[in-house]
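Novice: Same order as they appear, the protein sequences are chains C and H.
Per my numbering, residue 2 is the first one in the first sequence, and the count goes up by one each step.
Per my numbering, residue 2 is the first one in the second sequence, and the count goes up by one each step.
Glycine is no exception: its CB is placed at the ideal position from the N, C-alpha and C atoms.
Protein chains: 2
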Amino acid sequence: MTTAAPAGRTLAHPARDEIRLEAVLHALADPMRLRVVRELAGCGGELSCSQIELPVTKSTTTHHFRVLRESGVLRQSYRGTAKLNGLRRDDLDALFPGLLQRILDAADRQSDRLGEAGGGAARR
Amino acid sequence: MTTAAPAGRTLAHPARDEIRLEAVLHALADPMRLRVVRELAGCGGELSCSQIELPVTKSTTTHHFRVLRESGVLRQSYRGTAKLNGLRRDDLDALFPGLLQRILDAADRQSDRLGEAGGGAARR
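Below, the structure is given as structure tokens:
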């Protein structure tokens with residue numbers, strides 16, 4: 002059950018037609034942000050910021066989530082005191098069919114090749 | 002017919018297994034660099050830097066080509082006094098199947114949507 006966000010706690014998101022390919026690629030070009038997106042894709046739903054553990058400071062984590070939100074890659078919403086994050090798959094697929102999945106596949110292949118843990122394996 | 006580059010004029014390129022997804026996405030996240038890649042994809046072969054006209058200074062153009070080369074997106078080689086550029090499609094497709102084409106398709110769709118000239122149309 003969702004709780005309405007108090008006034009002033011609404012987060013700015015680009016509308017679907019404001020999302021730009023260059024901004025999406027920029028958002029996904031960072032290893033930490035790509036990791037967030039892989040975790041969200043792996044869980045298939047929403048995760049709070051605290052459920053996605055990144056080896057960076059809290060302020061850097063906040064920055065990464067903001068870049069992902071402002072580029073249109075994910076949607077953030079408040080539920081009580083938690084900030085929940087979900088991929089904007091429908092919007093991205095409508096604008097750039099298959100692109101997000103191809104990038105996720107490429108990230109999986111690279112992780113396998115380099116012997117790194119994938120997004121799912123890194124989730125707590 | 003190729004001409005061997007004089008000593009000292011060899012350009013550094015990552016080997017295939019040194020190419021990283023994040024660097025490729027970063028290289029393609031810039032509008033000018035994406036334009037270069039679309040032009041090279043549209044021509045299907047090599048183009049010299051001077052054949053790809055960008056509305057930026059020469060030093061900025063050189064920077065963009067270096068980022069594209071160092072990320073593994075394109076290969077630069079000297080032929081006489083000209084620096085030729087060609088996409089590393091084989092390497093990218095081997096590492097990240099279908100990714101480059103999906104990004105090119107997404108760029109085409111966005112250009113159509115926004116009413117911009119595509120990579121091919123912008124080529125002189």
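#1: Could you list which residues in chain H have their beta carbon closer than 7 Å to that of C/A108, in chain order?
#2: Grab me the residues of H/K84's own chain with a C-beta within less than 6 Å of its C-beta, minus the 5 sequence neighbours each way, in chain order.
#3: Drop a sphere of 10 angstroms on the beta-carbon of C/G73, count the other beta-carbons inside from all chains shown, and report buried for 16 or more, exposed for fewer.
#4: Please work out which residues of its chain come closer than 6 Å, Cβ to Cβ, to C/R17, disregarding the five sequence neighbours upstream and downstream, and give them in chain order.
#5: Answer yes or no: the CB of C/A95 versus the heavy atoms of the ligand PLP, is any distance below 8 Å?
#6: H/Q111 touches chain C at which residues, Cβ-Cβ below 8 Å?
#7: Given that C/L100 touches chain H, what residues does it touch there, using C-beta distances under 9 Å?
#8: Quick check on the burial criterion: 16 or more other C-beta atoms within 10 angstroms. Buried or exposed for C/E54?
#9: Where do the N-terminal and C-terminal ends of the alpha helix (DSSP H) with H/S112 fall, by residue?
#10: Using DSSP's beta-bridge definition, name the partner residues of H/L85.
#11: Let me know the secondary structure DSSP gives H/H14 once reduced to three states.
#12: Would you say H/P15 lies against chain C (beta-carbon separation less than 9 Å)?
#13: Is the shortest distance between the beta-carbon of C/A30 and the beta-carbons of chain H less than 9 Å?
#14: What would DSSP say about H/V38, mapped onto helix, strand or coil?
#15: Taking a Cβ distance cut-off of 9 Å, strictly less, list which residues of the segment 61-73 of chain C are near chain H, in chain order.
#16: Which residues in the same chain as H/D94 place their Cβ atom closer than 6 Å to its Cβ, once the five residues preceding and following it in sequence are excluded?
#17: Residues of chain H with CB closer than 7 Å to the CB of C/L88, please, in chain order.
Specialist: Reading off the structure:
#1: To locate residue 108 of chain C, count along the first sequence from 1; it is residue 107. Within chain H, the residues near C/A108 are L22.
#2: Counting from 1 along the second sequence, the entry for residue 84 of chain H is found at position 83. C50 and Q77.
#3: For the purposes of this step, residue 73 of chain C is taken as the residue at position 72 of the first sequence. Classification for C/G73: buried.
#4: The count along the first sequence starts at 1 and reaches residue 17 of chain C at position 16. Excluding positions up to five away in sequence, the list reads D92.
#5: The ligand PLP is not part of this structure, which contains no ligands at all.
#6: Within the second sequence, numbered from 1, the residue matching residue 111 of chain H stands at position 110. Going along chain C in sequence order, the residues near H/Q111 (Cβ under 8 Å) are R21, L22, L96 and F97.
#7: Position 99 of the first sequence, counted from the start, is the residue given in the question as residue 100 of chain C. What C/L100 touches in chain H: L100, R103, I104, D106 and A107.
#8: Here residue 54 of chain C corresponds to residue number 53 of the first sequence, with the count starting at 1. The residue is exposed, with fewer than 16 neighbouring Cβ atoms inside 10 Å.
#9: In the second sequence, residue 112 of chain H corresponds to position 111, counting from 1. First-last of the alpha helix (DSSP H) with H/S112: L100 to L115.
#10: The residue given as residue 85 of chain H occupies position 84 in the second sequence. DSSP, once it has assigned bridges, lists H/S49 and H/S78 as partnering H/L85.
#11: Counted from its first residue, the second sequence places residue 14 of chain H at position 13. DSSP places H/H14 in coil when its eight states are reduced to three.
#12: The count along the second sequence starts at 1 and reaches residue 15 of chain H at position 14. No, H/P15 lies away from the interface with chain C (no Cβ there is under 9 Å from its Cβ).
#13: In the first sequence, the residue the question calls residue 30 of chain C occupies position 29. Interface residue, yes.
#14: Locating residue 38 of chain H in the second sequence gives position 37, where the first residue counts as 1. DSSP, reduced to helix, strand and coil, places H/V38 within a helical segment of the structure shown.
#15: none
#16: The count along the second sequence starts at 1 and reaches residue 94 of chain H at position 93. Contacts found: none.
#17: The residue you call residue 88 of chain C lines up with position 87 of the first sequence. The premise fails here: C/L88 is roughly 16 Å from chain H at the closest Cβ pair, so nothing lies under 7 Å.
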